[in-house]
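*Asks:* Here the protein sequences line up with chains A and S, keeping their order. In terms of the working numbering, the first sequence opens at residue 16 and continues consecutively. In terms of the working numbering, the second sequence opens at residue 105 and continues consecutively. Would you mind keeping the following structure in view while I ask a few things?
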Amino acid sequence: DIQMTQSPSSLSASVGDRVTITCQASQDISTSLSWYQQKPGKAPELIIYDASTLESGVPSRFSGSGSGTDFTITISSLQPEDIATYYCQDYDNLPTFGHGTRLDIK
Amino acid sequence: QLVQSGAEMKKPGASVKISCKASGHTFTSYYFHWVRQAPGLAPEWMGMIYPRVGSTRYAPKFEGRVTMTSDTSTSTFYMDLSSLTSDDTAVYYCARDRGLVVALWHFDLWGRGTLLTVSS
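Here you go:
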């Protein structure tokens, strides 16, 4: 089974900061990776798929990169509404989620 | 949108059937998935159904204990989980695959979730 390791597990940043979260796959998954944002009490929302494609309606301050085993999601200028937990999800084989990165405001 | 059935409380050993009604898109053109999330943990994919032909695929962890079905006449799909234990306490989400007619294995539309509590 593919294991997805996210880091950090939690992160505090200030409004306007550039924030980067990483996800590492235990084997090569090409670009079969998506990112989700989940706010408390809500379902996850797709924000990036195929490692770097922004889902329709997602603000352009979000971006994704990577291929193979190493991936990142970046928020170029953190906004208060970005406070959430972020999960990566591999779909090279059966879907597997990372353990999540909790992002809050410093 | 995807509208799920309400919260459930079950005893260990029982079964539960959760429904998800789709609207606003062509039901038989999409694959649908079930994903669960235990308190404080990451989401966990359980399986998938393609209502057009009724085909399913389940995560190995749930094989033999989960059954996914659909009713094209009502645009509703179901997840049946048997032999419940306290470890099955979680929010269960239905989700739509982003692909049209093809499974892309990531999810662009989610239900609001159904809380299942398993307790004696």
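Where is the CB? At the ideal position from N, CA and C, for every residue including glycine. The structure presented is a predicted model; accordingly, all values stated were derived computationally and were not measured.
1. Note down the Cα distance separating Ser22(A) from Gly115(A), rounded to an integer number of angstroms.
2. Go through its chain and collect everything with a Cβ distance to Thr111(A)'s Cβ below 6 angstroms, but skip five positions before and after it.
3. Report the residue ranges of all beta strand (DSSP E) runs contained in full by the stretch 126-177 of chain S; include only those spanning at least 3 residues, in chain order.
4. Between Ile62(A) and Phe86(A), which are expected to be in contact by the criterion C-beta below 8 angstroms, what is the C-beta distance as a whole number of angstroms?
5. Taking Ser177(S) as the reference, give the member of Asp201(S), Ser119(S), Thr132(S) and Gly168(S) with the closest Cα.
6. Comparing C-alpha positions only, which one of Leu109(A), Tyr102(A), Asp107(A) and Ile120(A) sits nearest to Gln52(A)?
7. At least one CB of chain S closer than 8 angstroms to the CB of Leu109(A): is that the case?
8. Against Glu96(A), what residues of chain S qualify as contacts under a CB-to-CB distance less than 9 angstroms, listed in chain order?
9. Can you tell me whether Ser91(A) is helix, strand or coil according to DSSP?
10. Where do the ends of the beta strand (DSSP E) carrying Ser49(A) lie?
11. Throw me the rounded Cβ distance for the Leu26(A) and Cys38(A) pair, which I believe falls under 8 angstroms.
12. Determine whether the Cβ of Ser82(A) lies closer than 8 angstroms to any Cβ atom of chain S.
13. What are the boundary residues of the beta strand (DSSP E) that includes Lys114(S)?
14. With DSSP run on the structure shown, which of helix, strand or coil describes Ser75(A)?
15. Can you look up Ser82(A) in the DSSP assignment and give me helix, strand or coil?
16. Measuring CA to CA, which of Trp138(S), Ala118(S), Ala126(S) and Lys115(S) is closest to Tyr196(S)?
17. Quick one: using the 10 Å Cβ neighbour count with 16 as the cut-off for buried, is Gly158(S) buried or exposed?
*Replies:* Per the coordinate set shown:
1. As a working note, residue 22(A) is residue 7 in the first sequence. As a working note, residue 115(A) is residue 100 in the first sequence. CA-to-CA, the gap between Ser22(A) and Gly115(A) works out to about 8 angstroms.
2. Indexing the first sequence from 1 puts residue 111(A) at position 96. For Thr111(A), where only same-chain residues beyond five positions count, the Cβ hits under 6 angstroms are Ile17, Met19 and Asp105.
3. Taking only runs of at least 3 residues, the beta strand (DSSP E) segments lying wholly in the stretch 126-177 of chain S are 136-141, 148-154, 159-162 and 170-175.
4. The residue given as residue 62(A) occupies position 47 in the first sequence. The residue given as residue 86(A) occupies position 71 in the first sequence. Between Ile62(A) and Phe86(A) the beta-carbon gap is near 13 angstroms, outside 8 angstroms, which marks them as no contact.
5. Along the second sequence, read from residue 1 onward, the residue named residue 177(S) stands at position 73. From the listed residues Asp201(S), Ser119(S), Thr132(S) and Gly168(S), the smallest Cα separation to Ser177(S) is found for Thr132(S).
6. Taking the first sequence and counting its residues from 1, one reaches residue 52(A) at position 37. When only C-alpha atoms are compared, the closest one is Tyr102(A).
7. Position 94 of the first sequence holds residue 109(A). So yes, Leu109(A) belongs to the interface.
8. In the first sequence, residue 96(A) corresponds to position 81, counting from 1. The contacting residues do not exist; Glu96(A) stays about 18 angstroms from chain S at best.
9. For the purposes of this step, residue 91(A) is identified with residue 76 of the first sequence, where counting begins at 1. Three-state result, Ser91(A): coil.
10. For the purposes of this step, residue 49(A) is taken as the residue at position 34 of the first sequence. Start and end: Leu48 to Gln53.
11. Translated into the one-based positions of the first sequence, residue 26(A) becomes position 11. Translated into the one-based positions of the first sequence, residue 38(A) becomes position 23. About 13 angstroms separates the two Cβ atoms, so there is no contact after all.
12. Walking along the first sequence from the start, residue 82(A) turns up at place 67. Answer no: the Cβ-Cβ gap between Ser82(A) and chain S never drops below 8 angstroms.
13. Mapped onto the second sequence, residue 114(S) falls at position 10. Following the DSSP letters along the chain, one finds Lys114(S) inside the beta strand (DSSP E) bounded by residues Glu112 to Lys114.
14. Your numbering for residue 75(A) matches position 60 in the first sequence. Coil, per DSSP.
15. What you label residue 82(A) is simply residue 67 of the first sequence in a count that begins at 1. Residue state, collapsed to three classes: strand.
16. If you number the second sequence from 1, residue 196(S) lands on position 92. Cα-wise, what sits closest to Tyr196(S) is Trp138(S).
17. As a position in the second sequence, residue 158(S) is number 54, starting the count at 1. Exposed, because fewer than 16 other Cβ atoms sit within 10 Å of the Cβ of Gly158(S).
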